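Participant: What follows is a single structure, and I will ask about it in a moment.
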Amino acid sequence: MDRTTTRPHGRRWLGGALAIAVGSGLVLVGGAGTAQAADVNVAKNAGFENGLANWSCSAGSGAAVSSPVRTGAGALRATPAGLDNAKCVQTVTVKPNSTYTLSAWVQGGYAYLGASGTGTGSGSVSTWTPDSASWKQLTTTFTTGASTTSVEVYTHGWYGTTPYSVDDVSVYGPDGGGGQDPDPVVPATPAGLAAGTVTSSSVDLSWAAVSGATGYKVYRDGVNPQAVTGTSTTVSGLTADTAYQFQVAATNSAGESAKSSAVSARTAKVTDPGPGPAVPKHALTGYWQNFNNGATVQKLRDVQSQYDIIAVSFADSTTTPGQIVFNLDPAVGYASTADFKADIAAKKAAGKSVIISVGGEKGNVTINSDASATAFANSAYALMQEYGFNGVDIDLEHGINSTYLTKALRQLSAKAGSTMVLTMAPQTIDMQSTGTEYFKTALAVKDILTVVNMQYYNSGSMLGCDGKVYSQGSVDFLTALACIQIQGGLAPSQVGLGVPASTRGAGSGYVDPQIVKNALDCLTKLTGCGTYKPAQAWPTLRGAMTWSTNWDATAGNAWSNAVGPHVHNLP
1 MDRTTTRPHG
11 RRWLGGALAI
21 AVGSGLVLVG
31 GAGTAQAADV
41 NVAKNAGFEN
51 GLANWSCSAG
61 SGAAVSSPVR
71 TGAGALRATP
81 AGLDNAKCVQ
91 TVTVKPNSTY
101 TLSAWVQGGY
111 AYLGASGTGT
121 GSGSVSTWTP
131 DSASWKQLTT
141 TFTTGASTTS
151 VEVYTHGWYG
161 TTPYSVDDVS
171 VYGPDGGGGQ
181 DPDPVVPATP
191 AGLAAGTVTS
201 SSVDLSWAAV
211 SGATGYKVYR
221 DGVNPQAVTG
231 TSTTVSGLTA
241 DTAYQFQVAA
251 TNSAGESAKS
261 SAVSARTAKV
271 TDPGPGPAVP
281 KHALTGYWQN
291 FNNGATVQKL
301 RDVQSQYDII
311 AVSFADSTTT
321 PGQIVFNLDP
331 AVGYASTADF
341 KADIAAKKAA
351 GKSVIISVGG
361 EKGNVTINSD
371 ASATAFANSA
381 YALMQEYGFN
391 GVDIDLEHGI
401 NSTYLTKALR
411 QLSAKAGSTM
421 VLTMAPQTID
431 MQSTGTEYFK
441 TALAVKDILT
451 VVNMQYYNSG
461 SMLGCDGKVY
471 SQGSVDFLTA
481 LACIQIQGGL
491 APSQVGLGVP
501 ASTRGAGSGY
511 VDPQIVKNAL
521 DCLTKLTGCG
531 TYKPAQAWPT
541 LRGAMTWSTN
551 WDATAGNAWS
561 NAVGPHVHNL
571 P
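Sequence positions in the sequence shown follow the UniProt record's numbering and run 1 to 571.
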């Protein structure tokens, strides 16, 4: 947040007292303590732009953070713990016999604002507010005693409650001799602008930090400034094989610096147009469990031969938003990572695609910014290179942001080329209309998308494309919901039917393999339908998916032995 705080917008005399308009309120002060024209904010580092300088917090409970902030680039975040209420204090220099208005903006858990050692009355004043989801201003006043030259102002939370945030503290009144923070000046022009990694649609940029800057603006060919808080960014959405010039300017509350010297970069040519992913016209997808949950434990070499796409479940998130890693679980029995990589190579040599799945019931990878999109693309591509994965499966079940997930997948595709396999496994609710984030993402990456294997299980009743409601576990549920995806814009070859391999593979929604085969026939040949029959056949329908190859093995491979040959013999 900004160091500068709200100052009175105007003054007028009311019955011998001075009325000071602070923000949207009116504070009356008078007598010996009446504020004069030289009133200033005597708090130092009032917006926490310089970390915790001039502030002290009990038991290390406070920290300067860049989010959430009200203004500027910094704020205080303090966390009560045990018998510590996360008290943060500053001693300010004041003038005797003077009145000061103490205010601060707070957010989060219980927050208190006060002053002690005032020299009048009880010697202290305070105010507080319970939890606040948005920024809220606390205000109180105090008058100093005849010999008071310093006062301690403080904030604190409440024992055992959630953290609280503070920004834009003001102790407004006569200058006691300590002065105030200097007004900010326009920052200097950034130096050291350099281009880094280049793809067919993006350029990485970095530059040196500028003292006093609270943000930066990155210009592309002199226009379209992109606001950035740090000293690096990825400019995306660029045209392949095109030269661009970039400049950066530093900003703060005083204004914007001159633009830096320009740096030139040319985006890469689109690589490997190729014939597309080497996936059969009709394919069977199975998820392989990188953990032991009671299903048959398999090594990849044990995965049934009917599966054309094997989704390794799952990648793990890190503390960096968007970034993923893979940790081979010792429970699956591999002696080494090299042994696992050798199994991937053997499956690929046999014509199978092995991909890394992201998400699952317990997985939560957040991709909601340009930085996190780039982190995802870079880390996913690194896993593809390290392990030999053919691509990635998106199985995020805790909400997605279509804008940034699309950016991430396009960046990954630019790195991996057209042979990348891209699959998705949304839940039924995620594909009920083209307005959902999952459906929007699927359509936005349609040109690089292999298949959407919607999960027709752990679901309640859903609408079919004919407007009727269907319950899970029936041919109609499979066919009428698949129809929504095709009518919504996906190619039939991008639609697959995802079901559990056994009754133990999901909480609900298991269907006998014969129902799956009937649904496939209904969609591709208009035979075997239930009460719902599509207006046309879609013979290029991709196939089917199951959770999981392990539960399939537990049930004696009944699912893959029945559904696999049927998929491979579709028209």
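All C-beta atoms in this analysis are idealised placements derived from N, C-alpha and C, irrespective of residue type, glycine included. Note that the structure is a prediction, hence the values are computed from the model and not measured.
Quick check: the Cα distance between L526 and I324, rounded to an integer number of angstroms?
Facilitator: Those two C-alpha atoms are separated by around 42 Å.
Participant: In whole angstroms, give me the CA-to-CA distance for L405 and A444.
Facilitator: Taking the straight line from one Cα to the other gives about 10 Å.
Participant: Report all residues from its chain with a CB closer than 7 Å to the CB of Q36; omit the five preceding and five following residues, and keep chain order.
Facilitator: Only weak support exists for where Q36 lies, its pLDDT of 48 falling under 50; the value from the coordinates is given anyway. Closer than 7 Å at Cβ, skipping near neighbours: P174.
Participant: Taking 8 Å as the CB-CB limit, is V186 close to chain B?
Facilitator: The chain labelled as chain B is not found in the depicted structure, where only one protein chain is given.
Participant: Is there contact between the segment 283 to 300 and the segment 263 to 270, where contact requires at least three CB pairs shorter than 8 Å?
Facilitator: Result no; under three Cβ-Cβ pairs closer than 8 Å.
Participant: How should R410 be labelled, buried or exposed, when 16 other C-beta atoms within 10 angstroms of its C-beta is the threshold for buried?
Facilitator: Burial call: buried.
Participant: Which class does H568 belong to by DSSP, given the choice of helix, strand or coil?
Facilitator: Correct three-state label for H568: helix.
Participant: Along the chain, where does the beta strand (DSSP E) containing L76 start, and where does it finish?
Facilitator: Segment A75 to A78, the beta strand (DSSP E) holding L76.
Participant: Is it the case that the Cβ atoms of V92 and V203 are separated by a distance below 8 Å?
Facilitator: No, the Cβ-Cβ distance between V92 and V203 is not below 8 Å.
Participant: To the nearest angstrom, how far is the alpha carbon of A442 from that of M431?
Facilitator: Computed Cα separation, rounded: 10 Å.
Participant: Would you please state the rounded distance, in angstroms, between the beta carbons of Q494 and Q455? I believe it to be under 8 Å.
Facilitator: At roughly 16 Å, the Cβ-Cβ gap does not stay under 8 Å, so Q494 and Q455 are not in contact.
Participant: I'd like the span of the alpha helix (DSSP H) that includes N378, first residue to last.
Facilitator: D370 to Y387 is the span of the alpha helix (DSSP H), which, as asked, contains N378.
Participant: Could you give the DSSP three-state label for T403: helix, strand or coil?
Facilitator: Residue state, collapsed to three classes: helix.
Participant: Does the beta-carbon distance from T434 to G498 come in below 8 Å?
Facilitator: Not a contact, by the Cβ cut-off of 8 Å.
Participant: Could you say which of H568, G123 and T161 lies nearest to G145 if we only look at CA atoms?
Facilitator: Comparing Cα positions, the closest option is G123.
Participant: Check whether the Cβ of G530 sits closer than 7 Å to any heavy atom of the ligand ADP, and report yes or no.
Facilitator: Absent from the structure shown: the ligand ADP. Ligands present: none.
Participant: Once DSSP output is grouped into helix, strand and coil, what is the label at R266?
Facilitator: If DSSP states are grouped into helix, strand and coil, R266 belongs with the strands.
Participant: With H, G and I counted as helix, E and B as strand and the rest as coil, what does DSSP make of T184?
Facilitator: A small correction: the amino acid at residue 184 is Pro; Thr does not occupy that position in the sequence shown. Residue state, collapsed to three classes: coil.
Participant: Could you round the C-beta distance between P492 and L449 to whole angstroms and report it? I think they count as a contact, below 8 Å.
Facilitator: At roughly 13 Å, the Cβ-Cβ gap does not stay under 8 Å, so P492 and L449 are not in contact.
Participant: Should D476 and Y532 be called a contact, given that it needs their Cβ atoms to be closer than 8 Å?
Facilitator: Cβ atoms of D476 and Y532: closer than 8 Å.
Participant: Would L490 be called buried (16 or more neighbouring beta carbons within 10 Å of its own) or exposed?
Facilitator: Buried, by the Cβ-count rule.
Participant: Assign Y542 to one of three DSSP states: helix, strand, or coil.
Facilitator: Here the sequence assigns Arg to residue 542, which means Tyr is not the residue at that position. Coil.
Participant: Excluding the 5 residues flanking N557 on each side, which residues of the same chain have their C-beta closer than 6 Å to its C-beta?
Facilitator: Cβ within range, chain order: Q304.
Participant: Label F376 either buried or exposed according to how many other C-beta atoms from any shown protein chain fall within 10 Å of its C-beta, with 16 as the threshold for buried.
Facilitator: F376 is buried by the Cβ-count criterion.
Participant: Give me whichever residues DSSP pairs with R220 in a beta bridge.
Facilitator: R220 is bridged to V223 and F246.
Participant: Going by beta carbon distance, what residues of the same chain come within less than 6 Å of N550, once the five residues before and after it are set aside?
Facilitator: Q289, A295, T296 and Q298, listed in sequence order.
Participant: Tell me the rounded alpha-carbon separation between S548 and I367.
Facilitator: Their backbone Cα atoms lie some 26 Å apart in a straight line.
Participant: Is the beta carbon of V166 sitting closer than 8 Å to the one on A75?
Facilitator: Yes; because the gap between Cβ atoms is below 8 Å, this pair is in contact.
Participant: Return yes when the Cβ of A191 is within less than 8 Å of the Cβ of C205, no when it is not.
Facilitator: It is Leu, not Cys, that sits at residue 205 in the sequence shown. The answer is no: Cβ separation not under 8 Å.
Participant: By Cβ distance below 8 Å, which residues in the same chain neighbour S502 in space, the five residues on each side in sequence not counted?
Facilitator: So the list reads Y510, W551, D552, T554, A555, A558 and W559, once near-sequence residues are dropped.
Participant: Here's the rule: buried if 16 or more other CB atoms are within 10 angstroms of the residue's CB, otherwise exposed. What is G176?
Facilitator: That one is buried.
Participant: Closer than 8 Å is the cut-off here; do at least three beta carbon pairs connect the segment 57 to 67 with the segment 76 to 86?
Facilitator: Yes, since at least three Cβ pairs between the segment 57 to 67 and the segment 76 to 86 fall closer than 8 Å, the two stretches touch.
Participant: By Cβ distance below 6 Å, which residues in the same chain neighbour E256 in space, the five residues on each side in sequence not counted?
Facilitator: Contacts found: A249.
Participant: What distance in whole Å lies between the Cβ atoms of P163 and G108, which are believed to be in contact at a cut-off of 8 Å?
Facilitator: So it is a contact: roughly 6 Å between Cβ atoms.
Participant: Are there 16 or more other CB atoms within 10 angstroms of the CB of L26, so buried, or fewer, so exposed?
Facilitator: With a pLDDT of only 34 at L26, under 50, the local geometry of the prediction cannot be trusted, and no value is derived from it.
Participant: Quick one: what's got a C-beta closer than 6 Å to S461's C-beta in the same chain, skipping five residues either side?
Facilitator: Here the set comprises V469 and S471.
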